[in-house]
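Peer 1: Under UniProt numbering, the first residue of the sequence shown carries the number 1, and numbering increases by one thereafter.
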Amino acid sequence: MFTIECDSGKDISQHSYFQSEEEILLPPARQFEVVASLQMGPGVHVIQLKEVKPPIVLLQPVSLTPHSYNSTPEGTKKDKPNTGIDDVKIKVEQMKIVPESTATTPKKTNTSKSTQPKPVSLLLNPTPQPTKSVCVPNIPANARWTEKGITVAGGNGSGNALNQLNGPSGIFVDNDQVIYVADTDNHRIVEWKVGATSGQVIAGGNGKGNRADQLNSPYDVLVDKETDSLIISDTLNRRVVRWPRANGTIGETIIENISCVGVAMDDHRSLYISDWVAHLVRQYNMSKKTETVVAGGNRDGDHINQLNTNTYVFVDLDTSIYVSDKDNHRVVKWTKGAQVGIIVAGGQGKGNALTQLSNPHALFADKLGTVYVADYCNSRVMRWVKGAASGDMIVGGTHLSTPRGLSFDQHGNLYVADWGNNRVQRFSIQK
């Protein structure tokens, strides 16, 4: 870790999603000397650097002021100084500013504004963070999970206390195994950390309503890592809301007038919204503010170009879309740009045979194309291997009651929103 004192650093915090981190840009070809080094622990040092002006300039720094060049091609080649940009190629996105509290520079007691350069801590080549909203683990084709799950959220009866849930639906599990639960009938999103006996309300929780600080029966939630926010399907308000993950008191409506249930996000940060009334899935380009119908859209029906009261949606690494076609009792896959879908689970009418589903809800597809689906009315979770004519039950029986939500962590452990028992269960993978 480094603390750097410099005159040439340029404040770019206004152009960052993380303005509180006081990010700066260091132009190429600046030179520094080591002022001090402090060992903070085994293998961890804080090195204090200070910008210096060398007696001999070996590489011309990038100019901070505009130059006047001859406008002719010949004059440009002759007069334009060599900035060294092609040689340096520093990538700003590979640097991360650490809050100043970790620096060793003593703080002054004088409250007047200092004219001295403000030291910052700069981590070089930090561990890259994944940008995809959902972690897709490598799950062996013959994997098995514990028959009986453990309760990791709720499980204390139906209610609105912090250790209770009331009709949990969609769930999201991040890389730290923190669980985000759409606590539907409590009109809130609750965060449950590993080992916690109670949750923390991080969105809604102010009663049923349509104010900016309220939700109305949210059915699904995901984490947008790039903006450190939640994307919430605020179902009965007919809107999709973005809510800050940390210290958020109100949400921002980003899509309105949509009968949304499931939400998903691809690697390019496009949103996919399952519209159960219009019997289709819409893709929203977050940057261009455009929308496209990518599944269904041909009224309700059971043809392969139709959906019927679709609920949840999942998007894989190839941008193929998997849809829980609830009232057709099947899961349909729509490849990118396709006009018709492919039935990948169920589709043999409503029932409890291994070839059938009954009102499927949340779903997940792994890297092998295996589909996992919360078979709601059959109170089980089914696995359908790619190309298989029937599935197999991986959890269920007496251990679940009308499951709605489903997710995996990066280790392959299975999480189920056990709607009828007002809890979230984790089933550990057996390797």
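Cβ coordinates follow ideal geometry from the N, Cα and C atoms, glycine included. These numbers come from a predicted model, not from an experiment.
If you reduce the DSSP assignment to three classes, tell me which class LEU165 lands in.
Peer 2: Stepping through the sequence shown from its first residue, residue 165 is reached at position 165. Three-state result, LEU165: strand.
Peer 1: Please name the residue, chosen from ASN138, VAL323, PRO403 and LEU222, that lies closest to ALA295 on a Cα-to-Cα basis.
Peer 2: For the purposes of this step, residue 295 is taken as residue 295 along the sequence shown, with counting starting at 1. The candidate whose alpha carbon is nearest that of ALA295 is VAL323.
Peer 1: Give the single residue among GLU252, ASP267, ILE273 and ASN378 whose Cα lies nearest to the Cα of CYS260.
Peer 2: Within the sequence shown, numbered from 1, the residue matching residue 260 stands at position 260. Minimum Cα distance to CYS260 is reached at ILE273.
Peer 1: Note down the Cα distance separating TRP334 from ASP7, rounded to an integer number of angstroms.
Peer 2: The residue labelled residue 334 in the question sits at position 334 within the sequence shown. The residue labelled residue 7 in the question sits at position 7 within the sequence shown. Rounded to the nearest angstrom, the two C-alpha atoms are 55 Å apart.
Peer 1: List the residues that DSSP assigns as beta-bridge partners of CYS6.
Peer 2: Taking the sequence shown and counting its residues from 1, the one referred to as residue 6 is at position 6. Answer is none; CYS6 lacks a bridge partner.
Peer 1: If distances are taken between C-alpha atoms only, which option among ILE171, TRP276 and LYS208 comes closest to GLN425?
Peer 2: Counting from one through the sequence shown, the residue named residue 425 turns up at place 425. If we check each option's Cα against that of GLN425, ILE171 comes out closest.
Peer 1: Would you say ARG383 and GLY391 are within 8 Å of each other, going by their C-beta atoms?
Peer 2: For the purposes of this step, residue 383 is taken as the residue at position 383 of the sequence shown. For the purposes of this step, residue 391 is taken as the residue at position 391 of the sequence shown. Yes, Cβ-Cβ distance for ARG383 and GLY391 is below 8 Å.
Peer 1: Please report the distance separating the alpha-carbon of THR398 from that of TRP419.
Peer 2: For the purposes of this step, residue 398 is identified with residue 398 of the sequence shown, where counting begins at 1. For the purposes of this step, residue 419 is identified with residue 419 of the sequence shown, where counting begins at 1. Going from the Cα of THR398 to the Cα of TRP419 covers about 14 Å.
Peer 1: So for LYS108, helix, strand or coil by DSSP?
Peer 2: Along the sequence shown, one-based indexing puts residue 108 at 108. Only weak support is given to the placement of LYS108: the predicted model assigns it a pLDDT of 38, under 50, and the value that follows is read from those uncertain coordinates. It is coil, neither helix nor strand.
Peer 1: Nearest to THR235 by CA position, among SER229, ASP327, GLU252 and ASN257, is which residue?
Peer 2: Taking the first residue of the sequence shown as position 1, residue 235 is located at position 235. Ranking the options by Cα distance to THR235, first place goes to ASN257.
Peer 1: Whole-angstrom Cβ separation of VAL178 and VAL194, contact assumed at under 8 Å?
Peer 2: If you number the sequence shown from 1, residue 178 lands on position 178. If you number the sequence shown from 1, residue 194 lands on position 194. The pair is a contact, with the Cβ atoms about 7 Å apart (cut-off 8 Å).
Peer 1: Along the chain, where does the beta strand (DSSP E) that runs through LEU222 open and close?
Peer 2: By 1-based counting over the sequence shown, the position of residue 222 is 222. Residues 218-224.
Peer 1: Does DSSP put ASP11 in a helix, a strand or coil?
Peer 2: Counted from its first residue, the sequence shown places residue 11 at position 11. Here ASP11 sits in strand by DSSP.
Peer 1: Would GLN164 pass as a contact of ASN328 if the rule is Cβ separation under 8 Å?
Peer 2: Taking the sequence shown and counting its residues from 1, one reaches residue 164 at position 164. Taking the sequence shown and counting its residues from 1, one reaches residue 328 at position 328. Contact: no.
Peer 1: Have a look at ALA353 and GLY346 and give me their C-alpha separation to the nearest angstrom.
Peer 2: For this step, residue 353 is matched to residue 353 along the sequence shown. For this step, residue 346 is matched to residue 346 along the sequence shown. The straight-line gap from Cα to Cα measures roughly 10 Å.
Peer 1: Do you know offhand how far ARG242's Cα is from VAL293's?
Peer 2: Looking up residue 242 in the sequence shown gives position 242. Looking up residue 293 in the sequence shown gives position 293. So the two alpha carbons sit approximately 21 Å from each other.
Peer 1: Could you name the residues that DSSP lists as bridge partners for GLN200?
Peer 2: Position 200 of the sequence shown, counted from the first residue, corresponds to residue 200. Answer by DSSP bridge pairing, in chain order: GLU191.
Peer 1: Can you name the residues that DSSP bridges to GLN283?
Peer 2: One-based indexing of the sequence shown puts residue 283 at position 283. BP columns for GLN283 point to TYR272 and THR292.
Peer 1: Thinking C-beta only, is GLN200 closer than 8 Å to LYS208?
Peer 2: Here the question's residue 208 lines up with position 208 in the sequence shown. Here the question's residue 200 lines up with position 200 in the sequence shown. Contact flag unset, no.
Peer 1: Taking the alpha-carbon of LEU25 as reference, which of LYS289, GLY9, PHE32 and ARG269 has the nearest alpha-carbon?
Peer 2: Along the sequence shown, one-based indexing puts residue 25 at 25. With distances taken between Cα atoms, LEU25 lies closest to GLY9.
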